[in-house]
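Every letter in the first sequence is one number past the one before it in my numbering, and letter 655, counting from 1, is 639.
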Amino acid sequence: MDPARPKYYVLDMFPYPSGEGLHVGHPKGYICTDAIARYKRMRGFNVLHPMGWDAFGLPAEQYAVQTGTHPGITTRRNIETYRRQLKQLGLSYDWSREIDTTDPRYVKWTQWIFCKLFERGLAYQAEVAVNWCPALGTVLANEEVVDGRSERGAHPVVRMPMKQWMLRITEYAERLLGDLEELDWPEHIKRMQVEWIGRSEGARVKFPVEGAEKKAIEVFTTRPDTLFGATYMVLAPEHPLVGEIASDDKRGEVQRYVAKATQRSERQRMVESDDKTGVFTGAFALNPVNGERLPVWIASYVLAGYGSGAIMAVPGHDERDFAFATIHQLPILQVVSGGDPAKGAHAADGRAINSGFLDGLESAAARQRINDWLEAEGHGKRATSYKLRDWLFSRQRYWGEPLPVLHLEDGSQRLLSEDELPLLLPELDDWKPSGEFETPLARAPEWIKTRDPQTGAPAQRDPNTMPQWAGSCWYYLRFLDPQNDAAPFSLEAERYWMPVDLYVGGAEHAVLHLLYARFWHKVLYDAGLVHTVEPFTRLRSPGMILGHSYRYYDDNPDEDPAHTPQLYSASEVQVAGERVQHRETGAPLRARWVRAEDVRRDATGQPLHPEHPDIVLEEVIEKMSKSRGNVVSPDAMIERFGADALRLYELFMGPLTKGAPWSTDGMPGCHRFLQRCWRLFIEESSAGERLRPLAPGAGTAAQQRLTAQTIAGVAADMEQIQPNTAIAKLMVFVRDVTRDAPLPREAGEAFLKMLSLFAPHLAEEIWQRLGHADSIALEPWPGHDPALLETSLVTLVVQVNGRRRAEITAPRDASEATLRAAALADENVARHISDAGGGEPRRVVVVPGRLVNIVI
RNA sequence: GCCCGGGUGGCGAAAUGGUAAACGCGGGCGACUUAAAAUCGCCUGGCUUCGGCCAUGCAGGUUCGAGUCCUGUCCCGGGCACCA
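Listed below in structure tokens is the structure:
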């Protein structure tokens, strides 16, 4: 901390250290933030630039199940590899702040923050329908389920009721939504959060059940103006009233439907979602606006978890209700003008019709009017609803933070106090889930069964652990003060360093880490522990670097060792949905990959299988992964070209945010550039190396101007996070600076400082040889005289009718009349004027320093 | 289906509404060399009757002037997808 200097906090999303190590795609963001960090240091900022490890997680646990290696050992090993790889790249992290989420000194404070959430009523246990993933043996949060499958590994997920820990993120929905606006984040990530939170305004309306008037079905609707158009009601199969209201003759049918619907996996329900199945319960509800009897159905198209799990169906003005009404022959009423009931639902606004006292009102006005009426009559009230659900926070896993609670015999819970933290995992030698829904921790009874040390009463520990996201929810705060054992971080450090000025990391965390961390941050804000409402001011996502992989197929999808597989090229394969089969026989096939370095090429460059040259491989550009054999390792690049060349190339490839396939062919270009930089300062001959004598002072006018232009250009590019064009400017400098005179010292040293952002090793080496004792990294950014950026003579383009016809050179401050005369005097211009009909120009557009356009 | 991004040389890419293709890769020619490598220099969108013409996915529009702004359309990538 240094209160005298402005701070700059530039942070990378810390990685989960997987067993595969880094590939060339990973460091792109790290290299970019490193260049920014170096730039900001030179500009006088006190820069915080740390790195650490998101080290709890499933892969290490799965590896433990397979091999019997303790996940802690795997994790430590993987961290070693990652740290070694990152250090090779010359990233200027403050390694004294390195943190690891599995470190007991870190776990303590993760658990402590959980206690804060609990104390504020934001952590609770509830029996809810959860996403159970049998293959992973754990429940998952909504954010971790994609298309009915687990986000990690794509395993099927089923819905079932279970008692779980939940975090009340929904209480923060409004603030999580509203505070997004101020953030300098990519628009698409903000939008993903907006849509995930899914705010909608409307009303809650109560419909009494006929014959049981004390019971009412409450619905949420965004279109209370269409109340007169409701023709039936629908409850979700899981709705609590389903069992109570079904008439005797319908009960059996209803129970069968509910049983069928609730047993379906999420995925099945989604696949069947268009079917619009449902059954009539035999019960009726009464429409509060006109007393109409509305049949009550149950149908799986109504979701239990949203609103109240029940709807009023307005088939005239809602497409889903229209589809259902059509199939089940329910009446369709038109209550908003502008549609055609024969064609489908008219969902847009219009003018209310057939709606009693609302008739004639525009939809927006009708909504106000009916809401007033509902509130006055006590039938309902205005309400806001969110798609966002509470965050399911427990996992049936071993390798995570234990929940810091004791379950007492009376059913209550006691939080562990600060001096009882951290609560560490028990040692196990088998990490498999022990029973159908049991957690690995349940197999350590001596750990589970304990006594409350405060009262001596028997107590049980919680057998669940926290999800992997817990540690990453607050790590950016621990970096501020990582050695603190008295608090998660000091308030002074927080006040000085926060917020994060630039955060760089993958867009795949848009509704996971980035939402969860914002939520915790706001809770900490409410608890007075942090002073900003948002943690990450500016966010950028690096584009993914892809690999070239080479694919063929075989007919042994289940990997039967007894079967000798037949191989096929892509041209013989048919893909139908998720099935892959032989085009002629229909035999099931499975895709296989040849490692990129093993691929053979024929004379035309076509890729072939190394052992079966008759099999033509299909080249696919996709994410780098070990299983696809398309991983390019930074280690190999560094060995061949050096770390500086790799750094330079990763940034030079294109804009940070743009993804592109990796091509090693571009590496030599960057390597050559660095050699040119070296030879700019060092003369190599058979006699050895020697420093070229630098001309004293600032050099010729052209050299001064080039230097100033480069300094100004590189600085502007770095502010915009455009290192690719900054590097191009450095290349131009090296090409041109010794055109008319030897390299002057001022220009050379300014150049080295700029180069050191991207190629720190080389720049440092030359810097030392120039006789400097201190590191170039500590130097201030080179200055330049803005007057040098302006040249006295400028070249302008002359256009005739918008087409380029000539160039003229004129003094920078030449008058419009002078420029016009010079342009008209040009031979080629004159010819085109006469070709265009001649005579006096209708108009002459002069853009100072740019062009003269003569319009005929 | 809906909502976002993005389509520019052989390739990665540049370009405040003002000379399209900077910079790099690849390719060509030349210099140096006995030769090669390395290095250095020049050339490198297409067509051309050498005047130019055509070129930023496609078709229009606005403008003195459009890769850039507007409308429509096609393709690629991503997100969402019964949220009442």
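Even for Gly, the Cβ is constructed at its ideal location relative to N, Cα and C.
- Under DSSP, the beta-bridge partners assigned to Q444 are H391, K433.
- Annotation: the continuous beta strand (DSSP E) that includes Q565 extends over 563 to 566.
- Pairwise C-beta distances place the segment 137 to 149 out of contact with the segment 330 to 342, as fewer than three of them are shorter than 8 Å.
- Per DSSP, L772 lies in no alpha helix (DSSP H) and is assigned neither H nor E.
- Here V831 is exposed: its Cβ has fewer than 16 other Cβ atoms, across all protein chains shown, within 10 Å.
- The alpha-carbon of A288 is positioned some 12 Å away from that of R373.
- In the DSSP assignment, S456 falls within the unbroken alpha helix (DSSP H) covering 453 to 456.
- Minimum Cα-Cα distance from G323 among the listed residues A809, G300, R787 corresponds to G300.
- If you draw a straight line from the Cα of D232 to the Cα of Y290, it is about 28 Å long.
- A367 is a Cβ neighbour of R188, given a cutoff of 8 Å.
- For the pair R248 and I295, the Cα-to-Cα distance works out to about 22 Å.
- Taking the C-beta atoms as reference points, R462 is found no nearer than 8 Å to W79.
- Just so you know, the alpha carbons of M35 and P795 end up roughly 53 Å apart.
- Burial check for R834: the Cβ neighbour count within 10 Å stays below 16, so the residue is exposed.
- If you ignore the 5 residues before and after G822, its C-beta comes within less than 8 Å of the C-beta of I840, all in its own chain and listed in chain order.
- Nearest Cα to L498 within the set S2, L167, L714: L167.
- For T58, the number of other beta carbons within 10 angstroms of its own is at least 16, and it is reported as buried.
- Judged by beta-carbon spacing, A511 lies within the 8 Å limit of K100, meaning their Cβ atoms are closer than that value.
- When C-alpha distances from A471 are compared across L496, V91, R663, the shortest belongs to V91.
- Under a 10 Å Cβ-count criterion, F341 is classified as exposed, with fewer than 16 other Cβ atoms of the shown protein chains found around its own Cβ.
- With at least 16 other beta carbons inside 10 angstroms of its own, S369 counts as buried.
- Shown here for R133: same chain residues with a beta carbon closer than 8 Å to its own, the five before and five after excluded, namely H139, P140, V141, R251 in chain order.
- For T210, the CB contacts under 6 Å within the same chain, skipping 5 residues up- and downstream, are V298, H301, V319 in chain order.
- Within the model, the alpha-carbon separation for H756 versus V718 is close to 22 Å.
- Counting only residues of its own chain and dropping the five nearest sequence neighbours on each side, A157 has a CB closer than 8 Å to the CB of I181, R183, Y370, L372.
- Here S553 carries a coil assignment [DSSP, helix/strand/coil].
- Taking the CA atoms as reference points, S617 sits about 12 Å from L73.
- If you draw a straight line from the Cα of W453 to the Cα of R379, it is about 11 Å long.
- Per DSSP, the beta-bridge partners of S669 are G672.
- The count of Cβ pairs closer than 8 Å, one atom from the segment 420 to 427 and one from the segment 379 to 396, reaches three, so the stretches are in contact.
- CA-CA distance, D131 to I173, rounds to 19 Å.
- Counting C-beta atoms within 10 angstroms of its own C-beta, E228 has fewer than 16 neighbours from the protein chains shown and is therefore classed as exposed.
- Under the three-pair Cβ rule at 8 Å, the segment 714 to 729 counts as touching the segment 681 to 693.
- DSSP assignment within the segment 134 to 219 yields the following whole alpha helix (DSSP H) runs of 4 residues or more, N-terminal first: 157 to 162, 171 to 181.
- When the beta-carbon positions are compared, A267 and V193 come within less than 8 Å of each other.
- It is roughly 47 Å from the alpha-carbon of M738 to the alpha-carbon of Y536.
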